[in-house]
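Asker: Residue numbers (my numbering): 46 to 509.
The beta carbon of each residue, even a glycine, is placed where N, CA and C say it ideally should be.
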Ligand code: AMP
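#1: I need the boundaries of the beta strand (DSSP E) containing residue 398, first residue and last residue.
#2: Provide the residue(s) that pair with residue 28 in DSSP beta bridges, ordered along the chain.
#3: If you measure from the CB of residue 103, is any heavy atom of the ligand AMP nearer than 6 Å?
#4: Would you be able to state if there are at least three C-beta pairs under 8 Å between the segment 280–287 and the segment 340–348?
#5: If you run the structure through DSSP and keep just helix, strand and coil, what is residue 43?
#6: If distances are taken between C-alpha atoms only, which option among 393, 280, 432 comes closest to residue 400?
#7: Below 6 Å CB to CB, which residues in the same chain sit around residue 405 once its five sequence neighbours on both sides are set aside?
#8: Using a Cβ-based criterion (distance less than 6 Å to any ligand heavy atom), does residue 127 qualify as near the ligand AMP?
#9: Give me the residue from 136, 127, 99 with the minimum Cα distance to residue 111.
#10: Does the ligand AMP have a heavy atom nearer than 6 Å to the CB of residue 131?
#11: Can we count residue 100 as close to the ligand AMP, meaning its CB is less than 6 Å from some heavy atom?
#12: Pair every Cβ in the segment 197–211 with every Cβ in the segment 107–123, then say whether three or more of these pairs are closer than 8 Å.
#13: My assumption, with CB atoms under 8 Å, is that residue 299 sits in contact with residue 423. Please give the rounded CB distance.
#14: When you compare each of 105, 181, 170 to residue 19 by their alpha carbons, which one comes out closest?
#15: Thinking C-alpha only, which one of 125, 165, 224 is nearest residue 153?
#16: Tell me the start and end of each unbroken alpha helix (DSSP H) in the segment 324–402 that is at least 4 residues and wholly inside, in chain order.
#17: Report the rounded CA-to-CA distance for residue 302 versus residue 347, giving the unit in angstroms.
#18: Using only CA atoms, which one of 141, 126, 129 lies nearest to residue 86?
#19: Helix, strand or coil for residue 226, going by three-state DSSP, please let me know.
#20: By alpha-carbon positions, which one of 178, 120, 126, 121 ends up nearest to residue 93?
#21: Quick check on this structure: which residue in 397, 360, 375 has the alpha carbon closest to the alpha carbon of residue 193?
#22: In the DSSP assignment, the beta strand (DSSP E) including residue 430 goes from what residue to what residue?
Pasting the structure below:
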């Protein structure tokens, strides 16, 4: 897409497809003679599956992790979803299983166990494995709680090589003797920090006691606090470390802006954005389950088709809502953080943070739902008066001032400003201490977002 098209087509980023990103990435790789999957020594059945997916070149985590894992070493990975992490750990496992047992004939035992905190992520990983393994004859399945166990048990009985599971259902089915994990060669613990946050630590410790000591272990976490490092020591043997800095990478890749708006006007601003800009797909983050339901009700009244996913919804309802969103049937998905963790929606146009999180890392996880792998994306945040300290913390973490949208009908003037104002431009007070004054960036061809805004970066302005 030429730069002038970006200028004259409002919200032009919304029309772009993931294919564009992959093709552009592919051309850039060719141009700079970057590494290919073949260079990593992958076998033909996997190369063929990757070609079918349209992957031309490995992402940085794949480039670093695949050679280590093919040498059968343990791995500690600091990386979050969106970096190509799933392929980084599943591809070498598939290759090793394939090389050891061919196309998987004969009695199957579970050789790989992947533990992940949420059902959505488990399903997503299992879907990816299915695609990468399609020419290998290797079989995989997924189990998670919140649904009846019958079909999961049936799939297990027919024999699988790779099992992806959430911890609770796994232990449940082990206790019922439907699962035997005493023969596994590969153990993956994914999103370890989230596991801890969700209180799965005891389940994980129980699982580690059952699996054989002689195994290859992979441990992934987006953040590495003390407790996570301690847990990794209990799981990993002689390991190598791969670190992809998602915070900075995501924050730099995603086009971000913040709206100062009162709490009361947030729903009006959301409706306004969706109706005027008409994004193909919008993921809205709400702090609470109740808040998510409320947003859906408001959008519904305005004739905007939306759905909510959160912990109080049944697994079937969550899967149904997610599928409709992925298929494009539902344009707006409203989610709480836990439910949305790791959700991979290709071509996700827009992320809206309806409430700013008080944990700054959560902001980065949320914006990472767009701009996945090499794609770029747009993330907008609504900030009311009470949330301004959170914004400060976020900017400190990402080492970047987020542009402020200076023209919108619900610019905060006071706590109760609920009537739309004439779109107006007004200078935001720059918070750059002693730095050059804020500069207008609207009209910058790099911006895929058509609102007037002010950049407040004086150190790392990526739009220069
Ligand atoms: P993940 O971090 O595993 O959730 O992956 C994020 C997204 O990147 C998913 O949609 C993958 O299908 C995609 N992806 C993974 N590896 C590549 C690659 N080498 N080239 C292009 N897209 C990729």
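Answerer: Quick answer:
#1: 395–398
#2: Nothing can be reported for residue 28, as the shown portion of the chain is limited to 46 through 509.
#3: yes
#4: no
#5: Absent from the structure is residue 43, since the part of the chain shown begins at 46 and ends at 509.
#6: 432
#7: 438, 439, 442
#8: yes
#9: 136
#10: yes
#11: yes
#12: no
#13: 7 Å
#14: Beyond the ends of the chain as shown, which are 46 and 509, falls residue 19; an answer cannot be given.
#15: 224
#16: 334–346, 360–372, 382–385
#17: 24 Å
#18: 141
#19: coil
#20: 178
#21: 360
#22: Here residue 430 belongs to no beta strand (DSSP E), and DSSP marks it neither H nor E.
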